[in-house]
Every structure is written in C-alpha cells, then in structure tokens.
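K.L.:
Chains as they are written, first to last, in my numbering: chain A, 1047 to 1318; chain B, 1047 to 1318.
Just so it is clear, CB atoms sit at the ideal spot from N, CA and C, and this is done for glycine as well.
If you scroll down you'll find the structure; I have some questions about it.
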DNA sequence: GGGCGTTAGTGAGGTAGCGAACAGAACCTA
DNA sequence: TAGGTTCTGTTCGCTACCTCACTAACGCCC
C-alpha cells in the first residue's frame, strides 16, 4: 500500500512543467475521502477542484425514482470541475466518492488565476474535458445493454483507475451507479464469478480476468477506450510542443486493453 | 418559410463581435443538407466545422447490433467539431443529419487560426462544449426510461431546434436515434397522439402540446434543460465583459420550458 | 464469543420491450 | 389508374428486468 503521497500520483499534475508544479504545490491540500462523500452538490458554486490520486469520483444524477445514475468516473487520470474552464461555476451533477482514497484539492479561485489561456495547464484540462465527454458518450451508448455487460464496463473502468485489481464495492453501490436494482447486480455478479471473470466477498470485488469481461462490452466501448487512452497520452505531445518538461513516468498509466495473451491482470503506475 | 439565409441564424455566429463576424464571413459556405447525410465519420480528421441554421445534426454511435444511438443533437444553438478546441482533430462519433436544412461551414484550418486563446470565439465555443456535455449527460441519465418518455425528450429537443413545431421525421429514424425498434416508436407515438400531445402523418411529426410531454420527461431533464438554456444565454455576459458588440436578438431563442398556462406551442427566433 | 447491522442470495409474479412476420395505408411515378 | 415503394399498425411468443418479500451469511463490536 502506498503510504507516501504526492500530487504527482495524479496524471494531470505530473504532466505539468516544473515551474508550474512548484507554483501550485503550496496550494494543494491532501484530502482523505470516504465512500459516498459528496464533493459537489448540484448547482452550488464550485469552491475546490479535486485531483484524485487513489480515490475514484463519480459524476451522478439522482432520478426521481430515488435511484442514481452515474454518467462518468474520474480517477487519477483526471480532475473535477472542468466546467470552470468552460465558463461555468457550477454543474447540475452531483459528484460523489465512488471509491475511497486520496485526492489533492485546490481552491477554484486560485486555479482560475493560474489558468492562462493557451497555457499548458489549460491545455491539459481541455484534453481531459474531451476525454470526459467521450466517457459520458459511452454511458449514453450503453443504453439498454444487458446489465451484465454494463457491470463489465463499470468494473473495467474501476479497475483502470484503481491501484490494485481489488476494490471496496458493494452490490448496492454498483446498482446505484448503474441505475439498476441491487438484486440484478447480484445476479450478474454471480454469473461473472461462475465464469471466473471476477471474484468477490462481502464489500469487495476483484477483477480476475479482464479479457473475459472485455468480450462482453460493446465494440464501441473498446474503440472509445482506445481513443480515451490516446487522448490522454497526447498530453505529452502538447507538452513538448510547448517546451515544458514532461514527466514520462506519468503517461499511459491507464491500463491498456489487453492486446495479447497475458491479458488478465492489468498492471498499474504504482505497482499492483 | 425562410428563403433568405444568413449565418446569423446560428446563435454562436450571431453572438460574435462585428469585426470577427466580418473576418469570418467570406469563409462561411452555405450548405443544403439532407436527412441521413454523414457529416463526420469516426476517427477521420475533421476538415470542416458546421454551424447549423435550420438543420439539426446528431452525434451518433453505431452499435454492433446494427442499431444506432444518438448521444446529442446540435441545432442552430451550436456547432460541430468542438473537439478541435479541446486539442483533438477527430472524434469516434459519427455525425449525421437528423433533420434536413441548412448550415454554414468553414474550413477547420481557418477556424483554428481564428481561434485566439481567451478570445470571444473560443469562449463561445467552450460554452457550447459545456452545454454539449450536459446534453450528453442527459442522454446517459435517460438510461432505462420507458420509450415513451425518451420519445418525449427527443421530440421536445427537436422542437427546440426547429423553425416550426412540425418536422420531417419517420418512426424508423426516431427508432435509430433512440436505439430502439421502429415498432416501439409507433406504439409510443400512438399513445402520445391519443393524448393529444402530438400529431403525425407519414414522415412528419408535429408537437401539439409541450406541457403534456414535459410531464413525461424526468425532472432531471427539466433541470438540465434550464441549465443548458442558462449556459447559452450566458454568452451575452461573457461578451459584454469582453466589450464586444452583442446581437441581443440572438439570445434566448431556445424555446423555454413552458412556465405558464399557454405552454403549448413554442415560438421561435424566425417566427413559426 | 454472542448479537446485530449490513451485505448477499433466492423466488414468485408482473411488465416493457424485443424479434419476427405480416397487413394496410399513404405517397410516387408512369 | 395501376403498380411499386415506403411508411405505419398489429399480433404473438419470449426474455430481461422489475417489485416485493424473505432468508442466509458475514463480520464488526461490545
């Protein structure tokens, strides 16, 4: 387990040029976030921007049925509050902690001051905005897919953003994220477990065989996934073009689609 | 019917300061687009950016089942190709013409040159990007709603972006956009017609009573709709702040949620 | 180590939407 | 006016998911 924390565990921060990083560092505040914690409430002015390192945040909407539906997921590859960039101080979504862990946060007012038009920071954030849009489009496309397929995508995405291949997750929570009943999640999870794709025990789920799950998610997802990956890797490009010092260690840490045989367990930036 | 065409029928263009508008004008090319025409293919470099005036464009994904699913809709309030702004020259979505009509297009290379960081044009486009993200989130939230409700949202959105309250639309096309069977659309449409919410004849649909349909779409939609509206109206704000000459006629033309009794038929910029 | 709250598994009955297949109605063209 | 094409309406069996209701296991805490 990582005991040491650094803002560089977040890919956007780690892609910043040194001088920028140094400027921001004193304003970055480490936060320990627990499941279900509300980060942003709908239509309330954003006061902090969060850079997840080990936690996963979810943009969600509450339906009148009382169910929730997650529309996108933000891990260490991203940041919350991109709407600030787009000229809007709040969003109608609720952002909550989906997976516990750490994030660095910074006052929105400070970040805004540091956001020079055309600068590296802005460019990185815009890139992530595009990635977020694609991810949201994935959610929209998933429409009316069988629950088990949705569960696969959800778990793959969670896995992509988790330090290990095992993470705290109850069926209830997954149901909320997918906007389906808990029992349906249980049924789907049982099937996946029987197939050897996942394992779980009370409150924890483990991805065992990514390949099996990737077969279940739509082709469109895979395409989008690659695109997403490409987009975020591109950051380095934007960087050098701007003569900033890149941190090569930081790129491509999103677990890649298992292209070959040893597909099963994804490795991660900070080791499994 | 409007016989005269002007780029100012597009809200983004009409919100540009005069000098910018004058600069762009010679590069704007009027296009007559017919239903089903493909504007962007997935992962092909974008060569033109389209500003719809009377047509409606749709961002869609093809599912392996052969069905399509629309994730967002762009009318005269917006523009295609916002990804250029976000540092990406292509997108994995297919953009097609959902409703026939006109759009002005401009070479992507020219637009990029005109896009000064921090400028009005960039600001307007970023605003629209945020609106597009919200709209896509709506699609994602719609997940597992009954088809009739989805149909309502679709028709309301189409109505929002159409000059009149009647538009060319087959059940088949709607089915493709929603990712459901044509027969299911027919069934839902019959119900709505019986309720007096819509009327239709072979290939044409007419919105008769918006209020009835708004009651069917989720509260979340209404909230998002207002937000969307607010966002796009905000453009004027960004403008004045930047001392550009605004064109007041151009704002708030998205049909507002019928707040009062005479809800039924929305009026529109260019008259019904 | 026994109790209790939380999490997971099961089952019966209902329903919305699907797949497939076909009938009829509107429009087009010649 | 005839004949073809494109749209819309309808039917039937099937499946996935839902609602509701309940039981069973885990594991934390006193």
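Scan the region 1171-1208 of chain A and note each continuous alpha helix (DSSP H) run of 4 residues or more that stays entirely inside, going in chain order.
P.N.:
If we require 4 residues or more, the alpha helix (DSSP H) runs fully inside the region 1171-1208 of chain A come out as 1193-1206.
K.L.:
Would you mind reading off the limits of the alpha helix (DSSP H) that contains residue 1261 of chain A?
P.N.:
That run of the alpha helix (DSSP H) goes 1256-1262.
K.L.:
Where do the N-terminal and C-terminal ends of the beta strand (DSSP E) with residue 1147 of chain A fall, by residue?
P.N.:
From DSSP, the beta strand (DSSP E) with residue 1147 of chain A extends over 1147-1153.
K.L.:
Which term fits residue 1188 of chain A, buried or exposed, when burial requires 16 or more other beta carbons within 10 angstroms of its beta carbon?
P.N.:
Counting Cβ neighbours within 10 Å, residue 1188 of chain A comes out buried, since at least 16 surround it.
K.L.:
Going by DSSP, what residues sit across from residue 1250 of chain B in a beta bridge?
P.N.:
Note: residue 1250 of chain B sits in a beta bridge opposite B/1214 and B/1247.
K.L.:
Please list the residues of the region 1184-1213 of chain A that have a C-beta atom closer than 7 Å to any C-beta atom in chain B, keeping them in chain order.
P.N.:
Of all residues in the region 1184-1213 of chain A, 1185, 1186, 1187, 1189 and 1190 have a Cβ within less than 7 Å of some Cβ in chain B.
K.L.:
Beta-carbon of residue 1107 of chain B versus every beta-carbon of chain A: anything under 8 Å?
P.N.:
By this cut-off, residue 1107 of chain B is an interface position.
K.L.:
Only counting runs of 4 or more residues, tell me where the alpha helix (DSSP H) segments fall wholly within the region 1083-1111 of chain B, in order along the chain.
P.N.:
DSSP runs (the alpha helix (DSSP H)) wholly in the region 1083-1111 of chain B: none.
K.L.:
What does DSSP give as the partner residues of residue 1120 of chain A in its beta bridges?
P.N.:
Per DSSP, A/1103.
K.L.:
Can a CB atom of chain A be found closer than 8 Å to the CB of residue 1230 of chain B?
P.N.:
For residue 1230 of chain B, the answer is no, since every Cβ of chain A falls outside 8 Å of its Cβ.
K.L.:
If I measure Cβ to Cβ from residue 1109 of chain A and keep anything under 8 Å in the same chain, skipping five residues before and after, which residues do I get?
P.N.:
Same-chain partners within the cutoff: 1115 and 1225.
K.L.:
Do we get a CB-CB distance below 8 Å when we pair residue 1083 of chain A with the residues of chain B?
P.N.:
With 8 Å as the cut-off, residue 1083 of chain A does not count as an interface residue toward chain B.
K.L.:
Among B/1087, B/1231 and B/1151, which has the Cα closest to the Cα of residue 1078 of chain B?
P.N.:
Looking at the Cα atoms, B/1151 is the closest of the given residues.
K.L.:
So residue 1227 of chain A is in the beta strand (DSSP E); what residue range does that whole segment cover?
P.N.:
Careful: residue 1227 of chain A lies outside any beta strand (DSSP E) and carries neither H nor E.
K.L.:
Would the region 1169-1188 of chain B count as touching the region 1115-1132 of chain B if we require 3 or more Cβ pairs under 8 Å?
P.N.:
Touching, per the Cβ criterion.
K.L.:
Verify the CB distance criterion: does residue 1225 of chain B have a CB-CB separation below 8 Å to chain A?
P.N.:
Interface residue, yes.
K.L.:
Is residue 1221 of chain A close to chain B, meaning its C-beta is less than 8 Å from at least one C-beta of that chain?
P.N.:
Residue 1221 of chain A does not count as touching chain B.
K.L.:
Are residue 1166 of chain A and residue 1063 of chain A close, meaning C-beta to C-beta below 8 Å?
P.N.:
In contact: residue 1166 of chain A and residue 1063 of chain A (Cβ atoms closer than 8 Å).
K.L.:
By DSSP's criteria, residue 1079 of chain A is part of a beta bridge. Which residues make up the other side?
P.N.:
Beta-bridge pairing links residue 1079 of chain A to A/1147.
K.L.:
From residue 1268 of chain B to residue 1260 of chain B, what distance separates their C-alpha atoms?
P.N.:
Taking the straight line joining both Cα atoms gives about 8 Å.
K.L.:
Given this structure, state the Cα-to-Cα distance separating residue 1246 of chain A from residue 1081 of chain A, to the nearest angstrom.
P.N.:
Whole-angstrom Cα-Cα distance: 18 Å.
K.L.:
Closer than 8 Å by beta-carbon distance: list the chain B residues that pair up with residue 1151 of chain A, in chain order.
P.N.:
Those do not exist, as residue 1151 of chain A stays about 21 Å from chain B at its closest Cβ, beyond 8 Å.
K.L.:
So residue 1069 of chain B contacts chain A; which residues on that side make the cut at Cβ distance below 9 Å?
P.N.:
Simply none; closest approach about 19 Å.
K.L.:
Along chain B, in chain order, which residues have C-beta atoms closer than 7 Å to that of residue 1265 of chain A?
P.N.:
The answer, in chain order, is 1110.
K.L.:
Rounded C-beta distance between residue 1127 of chain A and residue 1084 of chain A? I'm assuming under 8 Å.
P.N.:
Actually they are not in contact, since the Cβ atoms of residue 1127 of chain A and residue 1084 of chain A sit about 14 Å apart, beyond 8 Å.
K.L.:
Comparing alpha-carbon positions, which option in B/1142, B/1140, B/1271 and B/1125 lies nearest residue 1157 of chain B?
P.N.:
Considering only alpha carbons, the answer is B/1125.
K.L.:
Using the Cα positions of residue 1229 of chain B and residue 1164 of chain A, report the straight-line distance between them to the nearest angstrom.
P.N.:
So the alpha carbons of these two residues sit roughly 50 Å apart.
K.L.:
May I ask you to list the residues that DSSP assigns as paired with residue 1140 of chain A?
P.N.:
Paired residue(s): A/1106.
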